[in-house]
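For reference, the structure is listed below as structure tokens.
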Amino acid sequence: MTVSAQQEQELLQRVPTGLLINGEWVEASSGKTLPVYDPATGKELLRIQDGNSDDALKALTAADEAQAEWALTAPRERAEILRRAFDIVMERAEDFALLMTLEMGKPLAEARGEVNYGAEFLRWFSEETVRHYGRYGNTPESKLTMIVRHKPVGPSLLVTPWNFPLAMATRKVGPAVASGSTMVLKPAQLTPLTSQYFAQAMLDAGLPAGVLNVVSGSSASAISGPLLKDRRLRKLSFTGSTPVGRRLMADAAENVLRTSMELGGNAPLIVFDDADLDKAVQGAMDAKLRNMGEACTAANRILVHEDVADAFQSKFAEAMRARKVGRGTEPDVNVGPIIDDKAREDVHGLVTEAVDAGAKVVTGGQKVEGEGYFYEPTVLSVLEDSPILKQEIFGPVAPVVKFKDEAHAIRLANASEYGLAAYIFTENHNRALRVADQIEFGLIGFNAGVISNAAAPFGGVKHSGLGREGGAEGIEEYTTVQYIGMPNP
Ligand code: NAD
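364 is the number that UniProt numbering gives to position 364 of the sequence shown; each next residue is one higher, with no gaps.
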């Protein structure tokens, strides 16, 4: 069913447009506003308050002042707030889904999937809150009893990207709330509306004033800069590109801050000659086209054994051609627009450069004419030295490369600065584990193209980052350890 313009307007009117500071939605001190656009039309959706350095510092003051009391709340109390937040997000699931489709472009069905995935971080960390144990024991010499406790890390700056507007926020806010830390959330300037709406859900769930503060703004560095220098801040959790992450890590080092870094990726998807090709094509579609390829986990290097490469490539191209491109609110659309014109130009630039270097276009390869920033689902047949294999693509473009044997596949997979996600398609379990042992990636899909789950640790190695979000590991990112030693009687 097509969403009506009236439904869209009614939803947009319910989105808080202020900055959330100390439990109140307030105006930006500059008096300026930040426009948010629909990438399917290029038209403005809504304007929200445009926060700056002064607002960021006010938000940190609120977080700092709320910290001591928040740290002392009972874990059960924090768990129940998160559980209520989960219920509220699920009750408002259709609103969240439509909001993400409007500001980010992903098709409604995928946006609904993100609501389920994103909300699960609230439920998962609600359950983790009361099961986060320390240690009690004797020292080896039996002279001291030791108590090892986890304490909240303290006021945290959470910086999120535009590609998963709800899940990237819940994946940070969930464990921060669970640990008893307070926070300033800075959403991506391209997609802040979902975070604004989510923050209201957290307030409605009973989160005390000052625990979660939200400062959206047109200048990311104006917001993060003064906070990273401020001694009251204790932690930076960043999800975004590797170049920005690297710069923020350097700033965080000056203040000796704890950091969690979820950065870029360039996932290989390896199809062995013993793979079930239909499963592999489905996996490649999931891993490449989800979110229009605008995912850190997107399969950007499809490595296929030479004996099955032609068969795989023709089935894959057929599946790509069958996808319907359009505004995500339209029925049956399964590929939305790219986030903005510059991002689409970047994707097209990579395709053009690859073709100039000898790549063959199997399907797609062009921008879609008309309003919005659409790009055709594209399959390229490339050689292993193609420039397109060296960087994140962030669009619906899949380069396919042939390999000769297992050692060759492993070498190609590891030939990247990134180490976030990788996918292995084979019917041989021993081979899957053997390859997993030899490739340097934090997440591995075995005969699966989508493996993210709130209960599983998400994160990368090499230039894909540090730390893990989700799983039992996720809460550790927001805690610090205290050891108390006392003489045995
Ligand atoms: P980005 O690095 O441009 O921006 C991410 C966030 O950082 C945004 O909130 C942005 O406003 C802010 N930012 C940008 N420049 C800044 C600066 N100089 N100082 C302070 N903050 C700044 O990334 P993006 O384009 O929003 O997102 C896409 C990137 O995110 C891709 O590289 C993708 O792989 C990565 N990503 C990683 C994960 C993961 O979990 N590893 C998940 C999603 C996206």
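Beta carbons are placed, not taken as given, at the ideal position from N, Cα and C, and that holds for glycine. Small disclaimer: the values here were computed from a predicted structure and weren't measured.
| said: Threshold first: 3 residues or longer. Then list the beta strand (DSSP E) segments lying entirely within the stretch 40-111, N to C. | reply: 44-49
| request: Could you tell me if the beta carbon of glutamate 262 falls within a distance shorter than 7 angstroms of some heavy atom in the ligand NAD? | output: yes
| Does the ligand NAD have even one heavy atom less than 7 angstroms from the beta-carbon of glycine 372? | no
| For the stretch 32-45 against the stretch 187-194, are there 3 or more C-beta pairs whose distance is under 8 angstroms? | Pairwise C-beta distances place the stretch 32-45 in contact with the stretch 187-194, as three or more of them are shorter than 8 angstroms.
| So what's histidine 132 in DSSP terms, helix, strand or just coil? | coil
| Residue burial classification, glutamate 114 (beta-carbon count within 10 angstroms, cutoff 16) | buried
| query | Under 7 angstroms from any heavy atom of the ligand FAD, does the C-beta of valine 115 make it? | reply | Looking for the ligand FAD in the displayed structure turns up nothing; the ligands present are the ligand NAD.
| request: Please go through the same chain and pick out, in chain order, the residues whose beta-carbon is closer than 7 angstroms to the beta-carbon of glutamate 82, but skip the five residues on each side of it. | output: Sequence inspection shows leucine at residue 82; the glutamate mentioned does not correspond to that position. Once the five neighbours on either side are set aside, the close Cβ partners of leucine 82 are Leu122, Phe125, Ser126, Thr129, Gly174, Val177 and Ala178.
| task | Sort out for me which residues DSSP pairs isoleucine 393 with in a bridge. | result | The partner list for isoleucine 393 (beta bridge, DSSP) is empty, contrary to what the question assumes.
| request: Take every Cβ of the stretch 299-318, pair it with every Cβ of the stretch 430-438, and state whether three or more of those distances are shorter than 8 angstroms. | output: No, the stretch 299-318 is not in contact with the stretch 430-438.
| query | Hey, how far is the Cα of threonine 61 from the Cα of isoleucine 21? | reply | 9 angstroms
| query | Under a Cβ-count criterion, where at least 16 other Cβ atoms within 10 Å of its own Cβ denotes burial, should serine 142 be classed as buried or exposed? | reply | exposed
| message | Please classify glutamate 376 as buried or exposed, where buried requires at least 16 neighbouring CB atoms within 10 angstroms. | response | buried
| said: Can you tell me whether isoleucine 223 is helix, strand or coil according to DSSP? | reply: helix
| Rounded C-beta distance between histidine 348 and lysine 367? I'm assuming under 8 angstroms. | 6 angstroms
| Starting from phenylalanine 446 and walking both ways along the beta strand (DSSP E), at which residues does that stretch end? | 443-446
| said: With H, G and I counted as helix, E and B as strand and the rest as coil, what does DSSP make of lysine 462? | reply: Looking at lysine 462 - three-state DSSP - the assignment turns out to be strand.
| In terms of DSSP beta bridges, what is asparagine 488 paired with? | Answer is none; asparagine 488 lacks a bridge partner.
| said: Shorter than 7 angstroms, the distance from the beta carbon of glycine 328 to the closest heavy atom of the ligand NAD, or not? | reply: no
| message | Quick check: does the Cβ of serine 224 come within less than 7 angstroms of any heavy atom belonging to the ligand NAD? | response | Taking 7 angstroms as the cut-off, the C-beta of serine 224 counts as close to a heavy atom of the ligand NAD.
| task | Give me the Cα-Cα distance between leucine 233 and threonine 182, rounded to the nearest whole angstrom. | result | 10 angstroms
| From alanine 79 to glycine 180, what distance separates their C-alpha atoms? | Straight-line Cα distance between these residues: approximately 10 angstroms.
| query | Looking at the structure shown, is glutamate 369 part of a helix, part of a strand, or coil, going by DSSP? | reply | coil
| Enclosing beta strand (DSSP E) for alanine 421 [first to last residue] | 421-425
| field | Integer Cβ distance of phenylalanine 458 from glycine 449, believed to fall under 8 angstroms | value | Not confirmed; about 15 angstroms, so no contact.
| said: For proline 489 and asparagine 138, what's the separation of their Cα atoms in angstroms? | reply: 12 angstroms
| task | Using a threshold of 8 angstroms, state whether the C-beta atoms of methionine 292 and threonine 239 are closer than that. | result | The answer is no: Cβ separation not under 8 angstroms.
| request: Return the Cβ separation of asparagine 453 and glycine 283 in integer angstroms, given the expectation that the two are a contact with Cβ distance under 8 angstroms. | output: Incorrect: roughly 16 angstroms between the Cβ atoms, too far for contact.
| request: Find the nearest neighbour of proline 187 within the set Leu263, Leu19 and Ala74, judged by alpha-carbon distance. | output: Leu19
| At what residue ranges does the stretch 198-260 contain a whole run of the alpha helix (DSSP H), taking only runs of 4 or more? | 220-229 and 242-254
| message | Just to confirm my understanding: we take alanine 413, look at its own chain, exclude 5 residues before and 5 after, and list those with CB closer than 7 angstroms. What are they? | response | These residues qualify, in order along the chain: Pro268, Ile270, Leu303, Ala422 and Ile439.
| request: With proline 268 as the anchor, note down where its beta strand (DSSP E) starts and where it stops. | output: Judged by DSSP secondary structure, proline 268 falls within the beta strand (DSSP E) whose first and last residues are 267-271.
| said: Going by DSSP in three states, isoleucine 338 sits in which element: helix, strand or coil? | reply: coil
| task | Determine the contact status of serine 218 and aspartate 50, defining contact as a CB-CB distance below 8 angstroms. | result | yes
| field | Contact belief for valine 89 with alanine 201 at Cβ below 8 angstroms, rounded distance in angstroms | value | 5 angstroms
| request: Round the Cβ separation of glycine 154 and lysine 235 to the nearest angstrom and send it over; I've been treating them as touching at under 8 angstroms. | output: 7 angstroms
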